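Engineer:
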Amino acid sequence: MTFVAAVQLAAAVTIAIRYLTVRQQGFLPEDPGQNLATPTAETGLLRCKSQNYRLLTLLSQFYIMLSASRCCKTAKGDFKNRQATGDFSTMATLHALTAGMSAWSSTATMDGAEDI
């Protein structure tokens with residue numbers, strides 16, 4: 001579930017970055033002495049620091065989710081190896097890990113896609 005949420009967040013961030021790369025709005029002076037009354041070209045939204053902050057935060061969450069999904073996969077493989085020998089000592093830990101990561105990644109993906 002964590003991997004699926006990560007892929008969905010990556011898709012939303014990719015769409016937002018592509019849109020903000022093309023979209024232009026507003027005028028910013030290229031140098032401090034330039035007069036805003038005679039603007040030359042509109043500014044791309046990707047140059048806005050607030051947009052960069054939002055997108056880079058969500059992009060970093062994607063990489064965190066990707067790493068967490070690999071950790072969950074490793075823990076699941078370890079549990080399956082132990083299960084084959086009759087050792088169920090890590091079942092509670094695996095359940096807590098996967099349930100927590102599933103809940104967090106789903107919520108973070110939903111909030112991130114809504115925020116963009």
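Going by full-length UniProt numbering, the residue at position 21 of the sequence shown is 21; the numbering climbs one at a time, nothing skipped. Idealized CB from N, CA, C, for every residue including glycine. Just so we're clear, the structure is a prediction, and the values are computed from it rather than from any experiment.
1) Measuring CA to CA, which of Val7, Asp111, Leu46 is closest to Val22?
2) Between the alpha carbons of Ser60 and Gly86, how many angstroms are there, rounded?
3) Would DSSP call Gly112 helix, strand or coil?
4) Taking the C-alpha atoms as reference points, what is the distance between Lys76 and Ala6?
5) Is the CB-CB distance between Val13 and Leu58 below 7 angstroms?
Structural biologist: So, from the data block:
1) Start at 1 with the first residue of the sequence shown, and residue 22 comes out as number 22. Minimum Cα distance to Val22 is reached at Leu46.
2) By one-based count along the sequence shown, residue 60 stands at place 60. By one-based count along the sequence shown, residue 86 stands at place 86. Looking at the two C-alpha atoms, the distance is approximately 39 angstroms.
3) If you number the sequence shown from 1, residue 112 lands on position 112. Residue state, collapsed to three classes: helix.
4) If you number the sequence shown from 1, residue 76 lands on position 76. If you number the sequence shown from 1, residue 6 lands on position 6. Distance between the alpha carbons of Lys76 and Ala6: 18 angstroms.
5) The residue given as residue 13 occupies position 13 in the sequence shown. The residue given as residue 58 occupies position 58 in the sequence shown. Against a cut-off of 7 angstroms, the Cβ pair of Leu58 and Val13 comes out as a contact.
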